[in-house]
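Trainee:
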Amino acid sequence: MNIGAEKDGTSINIANKSGVDRTLSGVKAAENDNEAVNKSQLDKSLKKLSDTLQSEESAVVLYDKGTDGNTDYSSVTFGKGQDSAPVALHNVADGKITKDSHDAINGSQINQISQDVATYLGGGAAFTDGTFTGPTYKLSKISEDGAAEETSYDNVGNAVSGLDTNIKNVNERIKEVSQGVAQDSLLWDKDAQAFVAQHG
723 MNIGAEKDGT SINIANKSGV DRTLSGVKAA ENDNEAVNKS QLDKSLKKLS
773 DTLQSEESAV VLYDKGTDGN TDYSSVTFGK GQDSAPVALH NVADGKITKD
823 SHDAINGSQI NQISQDVATY LGGGAAFTDG TFTGPTYKLS KISEDGAAEE
873 TSYDNVGNAV SGLDTNIKNV NERIKEVSQG VAQDSLLWDK DAQAFVAQHG
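Start counting at 1 in the sequence shown, then tack on 722, and there's your number in the working numbering.
This is the structure we're talking about:
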């Protein structure tokens with residue numbers, strides 16, 4: 723049966739005289755591209771699409787499922803699950819770096835931070851193409867007898883510790899020299915009103 727075969731037009735309106743929509747029932751499942759589909763076909767297609775999108779083979783990134791099977795909106799896992807190989811996330815915009823930020827930061831930001839740290843450390847420290855080169859601090863090492871020799875330290879902690887040791891050794895050396903000077907110097911004798919070499 724053809725509807726409107728003898729009439730011109732590009733649309734069919736089946737609303738009633740008041741313009742209220744009607745239900746078109748008994749629609750056969752479409753087989754050709756220019757045929758109307760029914761609700762059963764739509765439901766099956768939508769379910770198939772939903773199942774495909776939520777399958778492990780899907781390329782769509784979805785929220786993780788909780789232990790109760792419901793969607794966990796606080797977690798997203800890239801790849802094919804927790805046990806899959808890590809994946810790369812590209813073209814990430816600069817994230818905010820503040821105490822309250824929960825943004826992701828990208829390689830460019832990490833590179834800048836690392837270069838700043840290297841600059842602050844000094845001593846030849848550098849960060850180039852993802853590789854950090856530690857500092858080398860060349861300082862004089864002063865022994866207990868006052869002798870000095872150049873020593874290299876490869877981190878801030880050891881360098882500071884070396885300086886602390888130097889200060890202690892210099893302090894001890896000053897005490898020894900002061901005691902020697904006191905023993906060997908002339909002292910003023912008030913009674914004799916003169917400098918004398920006698921000590922004690």
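The C-beta atom is built at its ideal place from N, Cα and C for all residues, glycine as well.
(1) Hey, out of HIS812, ALA810, LEU811 and ILE827, whose CA is closest to LYS818's CA?
(2) What is the DSSP secondary structure of ILE864, reduced to helix, strand or coil?
(3) Can you tell me whether DSSP reads THR761 as helix, strand or coil?
(4) Looking at the structure shown, is THR799 part of a helix, part of a strand, or coil, going by DSSP?
(5) Quick one: what does DSSP say ASP771 is sitting in, helix, strand or coil?
(6) Give me the residue from ALA870, VAL782, TYR859 and GLU757 with the minimum Cα distance to ALA881.
(7) How big is the Cα-Cα spacing for ASP867 and LYS890?
(8) For ASP743, does the three-state DSSP call read helix, strand or coil?
(9) With DSSP run on the structure shown, which of helix, strand or coil describes SER874?
(10) To the nearest angstrom, how far is the alpha carbon of GLU728 from that of ASP794?
(11) If we count the other Cβ atoms within 10 Å of its Cβ and call it buried at 16 or more, is ILE734 buried or exposed?
(12) When the distance is taken between beta carbons, is ASP876 closer than 8 Å to GLY856?
(13) Once the 5 residues before and after VAL782 are set aside, which same chain residues still bring their CB inside 7 Å of it?
(14) Give me the Cβ distance between ASP743 and ALA737, rounded to the nearest whole Å; I'm assuming they're in contact under 8 Å.
(15) Taking only heavy atoms of the ligand NAP into account, decide whether any of them is closer than 7 Å to the Cβ of LYS761.
(16) Name the DSSP beta bridge partners of THR853, please?
(17) Determine the burial state of ILE725: buried for a count of at least 16 other Cβ atoms within 10 Å of its Cβ, exposed for fewer.
Mentor: Short version:
(1) Ranked by Cα distance from LYS818, the options HIS812, ALA810, LEU811 and ILE827 are led by ILE827.
(2) Strand at ILE864.
(3) For the record, residue 761 in the displayed sequence is Lys; it is not Thr. LYS761 falls in the helix class under three-state DSSP.
(4) The answer is coil: DSSP assigns THR799 none of H, G, I, E or B.
(5) Contrary to the premise, residue 771 reads as Leu rather than Asp in this sequence. Helix.
(6) Of the candidates ALA870, VAL782, TYR859 and GLU757, the one whose C-alpha sits nearest the C-alpha of ALA881 is TYR859.
(7) Those two C-alpha atoms are separated by around 12 Å.
(8) Here ASP743 sits in coil by DSSP.
(9) SER874 sits in a strand when the DSSP states are folded into three classes.
(10) Computed Cα separation, rounded: 58 Å.
(11) So ILE734 counts as exposed.
(12) Yes, the pair counts as a contact, with Cβ atoms nearer than the cut-off.
(13) Only residues of its own chain outside the window of five on either side were considered, and among them LEU775 have a CB closer than 7 Å to the CB of VAL782, listed in chain order.
(14) For a cut-off of 8 Å, the C-beta gap from ASP743 to ALA737 is around 6 Å, short enough to register as a contact.
(15) Inclusion of the ligand NAP in the displayed structure is not the case, the ligand content being empty and no account of it being possible.
(16) Residue pairing by DSSP places THR853 opposite THR850 in a beta bridge.
(17) By the beta-carbon neighbour count (other beta carbons within 10 angstroms, threshold 16), ILE725 is exposed.
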